[in-house]
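In what follows, a structure is listed as C-alpha cells, so that the remarks can point back to it.
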Amino acid sequence: MVQRSAAMSNVALKDNRQVTIRALVESDRAALTEFGLSLPKDDLLYLEEDFTNPEIITRLVNASFAENWRQMVAIADDGSIAAYASARRVPGWSNHVAELRLLVKPGWRRCGLGMQMAQAIVEAARDLGAQKVTVAMLAALKAGQAIFSRLGFAVEGQLTRHAIDRNGDLHDVVIMSAFLKV
Ligand SMILES: CC(C)(COP(=O)(O)OP(=O)(O)OC[C@H]1O[C@@H](n2cnc3c(N)ncnc32)[C@H](O)[C@@H]1OP(=O)(O)O)[C@@H](O)C(=O)NCCC(=O)NCCS
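The opening residue of the sequence shown carries number 1 in the UniProt record's numbering; numbering runs sequentially from there.
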C-alpha cells in the first residue's frame with residue numbers, strides 16, 4: 001500500500017511561532033511517542049486513546065495507511081509534534097459520518113493552533129468523503145467547544161456520566177456536529 005503524501009501547509013501562530021501542518025506518516029512514530037508522553041496527567045485522564053501506550057502509538061502510525069482514517073500533525077521547527085488531529089469514518093449505517101479528535105501539546109495552546117488544526121481536520125474529513133462530522137468531548141472542557149462552535153458545529157446532545165476517567169470518576173460528554181457540503 002502506498003503511504004499518502006498529503007499537502008503541507010506552513011502556519012504562523014498568534015505568538016509568531018511557525019508550524020507545518022501535514023498528514024501523520026510512519027516515520028513520525030518517535031515524535032508521536034514523545035508527544036504522548038509530554039501530555040499532562042489531566043489530559044491523559046480524559047483522552048479516549050492512551051497516548052502513552054506504545055501499542056496505541058503503533059496503531060495510530062499504522063493507520064496512516066488506512067482508507068477510512070486521516071491523521072494530521074503540526075510539526076514544530078525542531079521536528080517535534082505540537083498538535084494531533086484525526087478524522088475517522090464510522091463503520092456501518094453511519095458510514096457518511098467522520099469522528100474527529102483534536103489535541104494540542106501544552107506550551108502550544110492559546111496561540112491559535114487548535115483552531116488551525118480543527119480547520120485542517122474538517123477539510124481532511126471532507127477529503128475522506130464524510131458528509132457529517134462529529135466530535136465528542138467532556139462537557140467541562142470548554143476550549144474544544146469554543147473552537148468547534150466557531151467552525152459552525154452545533155451541540156447535538158449531552159450524554160450524562162458517559163465517560164469514566166482513569167481515577168474512576170464519571171463525566172458528562174458533549175457531542176457536537178456539523179454537516180459538510182458535498
Ligand atoms: C481544546 C484544545 C485543542 C485547544 O487548543 P488551543 O491551541 O489552545 O486552541 P486555540 O488557541 O486555537 O483557541 C481557540 C479558541 O478556543 C477558546 N479557548 C482556548 N483555550 C481555552 C480555555 N482554556 N478556556 C476557554 N476557552 C478557550 C478561545 O475562544 C480561543 O480563542 P481566542 O484565543 O481567540 O480567545 C486544547 O486545549 C487541548 O488539546 N485540550 C485537550 C483535548 C481536548 O479537549 N480536545 C478537544 C476535543 S477532541
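Cβ coordinates follow ideal geometry from the N, Cα and C atoms, glycine included.
All of these numbers come straight from a predicted model, not from anything done at the bench.
Query, Result
"9 Å Cβ cutoff met for SER80 and PHE51", "no"
"Alpha-carbon spacing of PHE179 relative to ARG150, whole angstroms", "14 Å"
"Contact check, ALA85 vs ALA98, beta carbons under 9 Å", "no"
"Residues near residue 183 by beta carbon distance below 8 Å, same chain, minus five either side", "Residue 183 is absent from the structure shown; the chain starts at 1 and stops at 182."
"Secondary structure of ASN10, DSSP reduced to three states", "strand"
"Within 6 Å of ligand 1: residues by beta-carbon to any heavy atom", "ASP43, ARG101, LEU102, LEU103, VAL104, ARG109, ARG110, CYS111, GLY112, LEU113, GLY114, MET115, VAL135, MET137, LEU141, LYS142, ALA143, GLY144, ALA146 and ILE147"
"With 16 other Cβ atoms within 10 Å as the buried cut-off, status of ILE164", "exposed"
"For GLU48, three-class secondary structure by DSSP", "coil"
"Strand pairing of VAL173, partner residues [DSSP]", "LEU138 and LEU159"
"Assigned exposure category for VAL155 - 16 Cβ within 10 Å defines buried", "exposed"
"Inter-residue CB distance, ALA82 and LEU60 (contact presumed, cutoff 8 Å)", "Not really, about 16 Å apart at Cβ, beyond 8 Å."
"Residues of its chain near LEU103, where Cβ-Cβ distance is below 6 Å and the 5 sequence neighbours each way are ignored", "TYR84"
"Through-space distance from ARG70 to HIS171, alpha-carbon basis", "28 Å"
"Three-way DSSP call (helix, strand, coil) for ARG126 in this model", "helix"
"Those residues which DSSP pairs with MET72 across a bridge", "ALA23 and ALA85"
"Limits of the unbroken alpha helix (DSSP H) element including VAL61", "54 to 62"
"Pairwise C-alpha distance: PHE148 and ALA118", "7 Å"
"Proximity winner among LEU138, VAL173, VAL174 and GLY107, relative to SER38 (alpha-carbon distances)", "GLY107"
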